[in-house]
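Using UniProt numbering, read the sequence shown as starting at 1 and increasing by one per residue. Below you'll find the structure, written out as structure tokens, and then a few comments.
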Amino acid sequence: MPTDFARFDARGYPVLDVREGYARWVGTYEETVEDAMDLHVLAELRAPSWSGRAADLACGTGRTGAWLRAQGVAEVDGVDLTPEMLARAEQRGAHASLRLADIAETGLDSGSYDLVVSSLVDEHLADLRPLYREAFRLARPGGCFVTVGLHPFFIMAAGMPTHFTTAEGEHFAITTHVHLPSDHIAAGLGSGWQLAEFREEVVGDAWVALKPKWERLRGTPVSAAYVWRR
């Protein structure tokens, strides 16, 4: 079960739920999220085969879908809870289809995907198990589930929820939960997955160059990626 983020929160921003938060963030999302947080981590993974057909869960503005296509994935179907994010993904044009749905109940066809991917989503989930179960349902035998997100140690050390600043200068957080690696392991194994790869990235020179204030966090794990095989 997730650790209560409130005990670590160093910002105290007003908290929005996922749907409202991302609807309000959509205009500046692409300018805010650094590829080093997720896409660069995905690029370092060795277990996945970036090919075939993929389900992009919590596809957002289409960043991940575009990256997958660039790696050689032939077809990507996207699912997201926020209409405003899906509209941006549609403009980007990387997805074969886009669907407004909860990632725990996507409505996509069972056993249809070589690859299921979720990026920067697990911290918004109160319970990881529905995500892992849905990914397992979607994957073909031998298929992979790849999930990457903020490392729980970073969330705790930085006291930093997922957050954004509006054009008017208002700061908002989006509902954030802390899931330890053991929570992912339990959810994955309990859903029938086999762990194929686990990668952690720490704050180093590249991150400090992007965000000089993170010097105090140097050496702290910032991202975690899990590769599961059905």
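A virtual CB, placed ideally from N, CA and C, is assigned to each residue, including glycine. Quick caveat, the model's predicted, so the values are computed rather than measured.
Local Cβ density within 10 Å of residue i, reported as buried at 16 or more and exposed below that
i: L150; result: buried
i: P161; result: buried
i: D80; result: buried
i: L210; result: exposed
i: D77; result: buried
i: G65; result: buried
i: H171; result: exposed
i: L98; result: buried
i: D17; result: exposed
i: E123; result: buried
i: E201; result: buried
i: A6; result: exposed
i: G93; result: exposed
i: G60; result: buried
i: R11; result: exposed
i: D38; result: buried
i: R218; result: exposed
i: P212; result: exposed
i: T28; result: exposed
Per DSSP, cross-strand counterpart(s) of residue i
i: G27; result: Answer by DSSP bridge pairing: none, since G27 is not bridged.
i: V121; result: In DSSP, V121 forms no bridge with anything.
i: W228; result: F145, L195
i: P221; result: V202
i: Y13; result: Beta-bridge pairing links Y13 to no other residue.
i: A173; result: V15, H163
i: V116; result: A55, F145
Residue i in three-state terms, based on DSSP
i: W214; result: helix
i: T147; result: strand
i: G21; result: helix
i: F136; result: helix
i: H40; result: helix
i: L100; result: strand
i: R53; result: strand
i: V76; result: strand
i: E105; result: strand
i: D183; result: helix
i: D35; result: helix
i: L128; result: coil
Candidates the options: closest to residue i by CA position
i: A187; options: G159, G169, A135, E200; result: A135
i: A55; options: E123, D109, R88; result: D109
i: V26; options: L217, E215, T166; result: T166
i: R129; options: H184, G142, G60; result: H184
i: H179; options: L100, L189, D127, P212; result: D127
i: W50; options: H40, R69, G62, E201; result: R69
i: R199; options: R216, L189, P181; result: P181
i: C144; options: R46, L217, T106; result: R46
i: A89; options: D102, G62, I103, V73; result: G62
i: R53; options: R11, R140, G219; result: R140
i: A225; options: T106, H40, E168; result: H40
i: H177; options: W193, G169, Q194, F154; result: F154
Contact set for residue i: own chain, Cβ-Cβ below 6 Å, skip 5 residues either direction
i: Y22; result: T82, M85
i: M156; result: F8
i: S191; result: Y132, R133, F136
i: R216; result: none
i: G72; result: W50, S51
i: L138; result: A55, L108, Y113, V116
7 Å CB neighbourhood of residue i in its chain, flanking five on each side removed
i: W207; result: A36, W214, V222
i: T32; result: F164
i: V227; result: L45, A47, P48, C144, V146, A196, E197
i: R19; result: L81, T82
Close Cβ partners of residue i (< 8 Å) along its chain, the five nearest in sequence each way excluded
i: Y13; result: P161, H163, H171, F172, A173
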